[in-house]
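Colleague: Mind having a look at this structure? Questions to follow.
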Amino acid sequence: MQRIEENKINEIRNSADIVTIISDYVPLKMQGKNYFGICPFHDDHSPSMSVSPERQIFKCFVCGKSGNVFSFVKDYENISFLEAVKKVADKVGITFSFKSQVKVDSKYKKEYEIMEFTTKVFQNNLNSSKGVKAKVYLNSRNITDNIIKEFRIGYSLDDNKYLFNVLTKKEYDINILDDLGLITKDGVSGYDKFVNRIMIPITNLDGEVVGYTGRIFNGEDSAKYINTKETVIYKKGNIIFNYFNAKNYIRESRSAILVEGNMDAIRMYSSGVKNVLALMGTAITKEQIEILKKLRVPIILMLDNDEAGALATINVGDFLSKEKVDVKVVRLEGAKDPDEYIVKYGINKFNDTIKHAISYFDYKLNILKNNKDLNNTEELIMYVKSVIKELDNKDNLTKEITLKKLSSEYNLDYEDLKKEVLFNKEEKNTIIVKDNIITKNNKYQVCVYNILYYIMCDSKYIKIFNSKLGYLENIHERNLVREVEHYIETHGSINIADFISYVEDNTKLRDYVNNICESFKDNELEESVFLDYITAIKKIINKNEITRLKSELRNSTDMNRKIEISNKIAELKKEV
Ligand SMILES: [Zn+2]
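Numbered according to this note's numbering, the sequence shown spans residues 13 to 588.
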C-alpha cells in the first residue's frame, strides 16, 4: 500500500465512527462503554458482537470475527478491502478514487495485461465476418449479444498462427505466452492453443481474466471443451466460475446456485437466474469451500444428472454441511444438466425446481436408504446407525423430528433411539475434553497474544515491553513486534484500528493479527494486567531456559562450563 493512500485510508477511518457505520447494518445497543449487537457472521441469537467506540474496532465473542470499520463492511458486503474503503468514504462524504477497480498483483502485471489483451482479440474475432458462424451458434442457444458482451465471450479463429502473430507483434515474450497456455512454443516460433473455438473467459474473484474455456460449436472432431491449464495466475482450486458477476445477485437473492459447467452457468444467467456459480467440474477444493462459506447464504447444489454428479452432490454437500453452510439440493430429472433442462422444459419449469430444492439433510437420508432392503433387520440397523451419525451436528428439533419419523416408520422404540444418539455424542465429548486440556496448558500463547494486542493499541505498551521483557520466543511474534515498532517510528503513534488497515495487504501478518484479536477476551486495557502478562511470560521463558540449561548441564563434560551453567540456573531461578 502506498503511503499517500494509507494516509487517505486513515483519514477516512478517522472520520467514520464505527458505531454509526455498523448501526447501518446491525442495530446496536449501548452497554457500559461498548455497544452490542447480533453478530452477522455466525448464526447468532443473542447479541455477541461488541463494538468499541474507544478503540474503533468490533469483535464477536462467539465466532471471533473482529476488525476495524473496513473489515466489517468488507466481510458483511463480501467486497474487497478497497471497495470497502470506498463505501465507507461515500458514507462519510469523502471523495476517494482508486486507480483501478481491482488490485493487480504487480508481480504478474504483464500476465494479466496479456490475458486482458487476448480477451479483446477474441471478442473482436467474434464480431468480425469470420466470427459469424460462432455468433449464430451462440444466438441459437439463446445466448444474446448482451450476454456475449457481459461474459466477454469471444472466438479463436480457424488459423493456428493468428493469435501467435498478433501477440508477438506486440512484442510479448513467447515464453510467457506459452506459460499462460495461449500458445505452444515451437523453437523460436509457436502456434495457437485454441483454434476455431468459442472462447469463454474464466475470471478470478476480482473479475480479471486468468484463463479460458474453449468450446467447439460445429460438432466436429476433437474435445468438446478445452480449458487453460494451471498457470501462475490461474489456480483452478481458487476459482469459481462467474463469482465476480454473480456476487451482487447472490447477496440480493440470499442464495447461490452451484452448477458444474460454465455453459450451464451462462445459460442460467442469461435466463435471469443470475445467482449462479460453476465449479467447472465435480471436484471441490478447500479454497472453494472457503469462498462459498464466506458468502454466508444457503448454497443450492444443482450438479449434473449422472453418476458423477450424484457422487459430487454428496461430496460437496458433506464438506459444506461440516462448515455449517446451509445446503439444499436440486436433482434435475429428464435432462443431463441445467443447460439441457432449460432448452427442453423452459425457464419457468426450471425456476420451479429451484423453489422445490430439498435440504441436504433430507437428500442424504434418502441416499442412505437407497439399495437397502429395510425389511432385513441387519440392513435396517445399518440404516438407522447411519442416520444417527448424520444427526451429529444437528439441532435438537431436527434430532427429535428425525427420530420420531424413524420410530413410527420402522416401529422402533423412540427412547432407545434417543439413547443411541446420546451414546454417539458421548464418544465425541471425550475428544472435546481432551482438546480443552491442550488449550488450557497453552498459557504461553494466551499471554503472548494479550501482550501483542496491547502493543498494537497504544505506543506506551511497546516501551514497557522493551524495558521489561524485550524478547519473545517465536519468529512470528518477533516479526509482529518489529512491525509495530516500525509503524510507530513512521507514524508517530499507533492505534489498533489503523494498524488493521496497515496489515491488510500482508496476508500472513493480517491472519496473525486476526488470531490475536480473536483470542483477546477483555474489553478494557489496564497497565497492571499488561504487567502481569509480562511477568507470566518471563516466568515461562525462564522455565524453558532452565530446562534447556539442565539438559546441557547433564551432557556437558567441561567442569568450568558446568559451574557456569549452574550459576546461570540459580540466577534464573531467583528471577522467577
Ligand atoms: Zn459472531
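Built from N, CA and C at the ideal position, the CB exists for glycine as well. As the structure is a computational prediction, the values presented were derived from the model and not from experiment.
Mapping the DSSP letters down to three states, classify Tyr224 as helix, strand or coil.
Modeller: Strand at Tyr224.
Colleague: Do the CB positions of Ser168 and Arg227 come within less than 8 Å of each other?
Modeller: Not in contact: Ser168 and Arg227 (Cβ atoms no closer than 8 Å).
Colleague: Assign Ala582 to one of two classes, buried (16 or more other C-beta atoms within 10 Å of its C-beta) or exposed (fewer than that).
Modeller: Label assigned to Ala582: exposed.
Colleague: Checking the sheet assignment: what are the DSSP bridge partners for Met468?
Modeller: Answer by DSSP bridge pairing: none, since Met468 is not bridged.
Colleague: Regarding Ser265 and ligand 1, is the C-beta to nearest heavy atom distance less than 7 Å?
Modeller: No; taking the cut-off as 7 Å, the Cβ of Ser265 has no heavy atom of ligand 1 nearer than that.
Colleague: Hey, would you say the C-beta of Val74 is under 7 Å away from at least one heavy atom of ligand 1?
Modeller: Checking the Cβ of Val74 against ligand 1 gives yes.
Colleague: Tell me which residue opens and which closes the alpha helix (DSSP H) that Asp170 is part of.
Modeller: Neither: Asp170 is in no alpha helix (DSSP H) and is coded neither H nor E.
Colleague: Judging by CA-CA distance, which residue of Met280, Arg263, Glu495 is the nearest neighbour of Arg308?
Modeller: Out of Met280, Arg263, Glu495, Arg263 has the C-alpha closest to the C-alpha of Arg308.
Colleague: Would you mind working out which of Ser578, Ala320, Phe108 sits nearest Leu565, comparing C-alpha positions?
Modeller: Ranking the options by Cα distance to Leu565, first place goes to Ser578.
Colleague: Would you report the Cα separation of Asp29 and Pro65, rounded to the nearest angstrom?
Modeller: Their Cα atoms are separated by approximately 7 Å.
Colleague: Does the beta-carbon of Gln300 have 16 or more other beta-carbons within 10 angstroms, so that it is buried, or is it exposed?
Modeller: It counts as buried.
Colleague: Closer than 8 Å by C-beta to Gly482: which residues in its own chain qualify, once you throw out the five before and the five after it? Chain order, please.
Modeller: Same-chain partners within the cutoff: there are none.
Colleague: Comparing C-alpha positions only, which one of Tyr422, Leu415, Ser420 sits nearest to Lys431?
Modeller: Closest by alpha carbon: Leu415.
Colleague: How is Ile312 classed by DSSP in three states: helix, strand or coil?
Modeller: It is a strand residue.
Colleague: Which residues bound the beta strand (DSSP E) around Asp425?
Modeller: That residue, Asp425, is in no beta strand (DSSP E); it is neither H nor E in DSSP.
Colleague: Taking 6 Å as the limit between beta carbons, can you name the residues of its chain near Thr502, skipping five residues before and five after?
Modeller: If we look at Thr502 and ignore the five residues flanking it on each side, it has no Cβ neighbours.
Colleague: Is it buried or exposed, Leu291, if we count other Cβ atoms within 10 angstroms and call 16 or more buried?
Modeller: Leu291 comes out buried.
Colleague: Roughly how many whole angstroms lie between the Cα atoms of Thr389 and Met211?
Modeller: If I take the Cα positions, the gap works out to 56 Å.
Colleague: Let's test the definition: count the other Cβ atoms within 10 Å of the Cβ of Asn187 and tell me whether it reaches 16, buried, or not, exposed.
Modeller: Under this definition Asn187 is an exposed residue.
Colleague: Between Asp330, Asp517, Phe176, Ile366, which lies nearest to Ile379 when the distance is taken from Cα to Cα?
Modeller: Nearest C-alpha to Ile379: Asp330.
Colleague: Per DSSP, Gly49 is paired with what?
Modeller: In the DSSP output, where bridge partners are listed per residue, Gly49 has Met61.
Colleague: Would you say His54 touches ligand 1, meaning its beta carbon is less than 7 Å from a heavy atom?
Modeller: His54: yes, Cβ under 7 Å from ligand 1.
Colleague: Please classify Ile311 as buried or exposed, where buried requires at least 16 other C-beta atoms within 10 Å of its C-beta.
Modeller: So Ile311 ends up on the buried side.
Colleague: Given a threshold of 16 other Cβ atoms within 10 Å of its Cβ, counted over all protein chains shown, does Asn257 qualify as buried or as exposed?
Modeller: Flag for Asn257 reads buried.
Colleague: Does Tyr124 pass the burial test, meaning 16 or more other C-beta atoms within 10 Å, or should it be called exposed?
Modeller: By the neighbour-count rule (16 or more Cβ atoms within 10 Å), Tyr124 is buried.
Colleague: Hey, is Leu424's beta-carbon within less than 8 Å of any beta-carbon in chain C?
Modeller: Absence of chain C from the displayed structure is noted, only one protein chain being present.
Colleague: One question on the structure: do Tyr204 and Asn172 come within less than 8 Å of each other, judged by their Cβ atoms?
Modeller: It is worth fixing the name first, because residue 204 is Asp in this sequence and not Tyr. Yes; because the gap between Cβ atoms is below 8 Å, this pair is in contact.
Colleague: Any idea what DSSP makes of Tyr184, helix, strand or coil?
Modeller: It is coil, neither helix nor strand.
Colleague: Classify Phe73 as helix, strand or coil using the three-state DSSP reduction.
Modeller: Phe73 falls in the coil class under three-state DSSP.
Colleague: Excluding sequence positions up to five away, which residues of its chain have a Cβ less than 8 Å from the Cβ of Leu561?
Modeller: Around Leu561: Ile577, Lys580, Ile581, Leu584.
Colleague: By the 10 Å Cβ neighbour count, where 16 or more other Cβ atoms means buried, how is Val81 classified, buried or exposed?
Modeller: Classification for Val81: buried.
Colleague: Any heavy atom of ligand 3 closer than 7 Å to the Cβ of Cys51?
Modeller: Here the bound small molecules are ligand 1; ligand 3 is not part of this structure.
Colleague: Which class does Pro350 belong to by DSSP, given the choice of helix, strand or coil?
Modeller: Pro350 falls in the helix class under three-state DSSP.
Colleague: Decide if the region 339-352 is in contact with the region 273-290; the criterion is three or more beta carbon pairs, one per stretch, under 8 Å apart.
Modeller: Enough Cβ pairs lie closer than 8 Å, so yes.
Colleague: Let's test the definition: count the other Cβ atoms within 10 Å of the Cβ of Ala295 and tell me whether it reaches 16, buried, or not, exposed.
Modeller: Under this definition Ala295 is an exposed residue.
Colleague: Just to confirm, are Tyr184 and Ile126 a CB contact at a threshold of 8 Å?
Modeller: In contact: Tyr184 and Ile126 (Cβ atoms closer than 8 Å).
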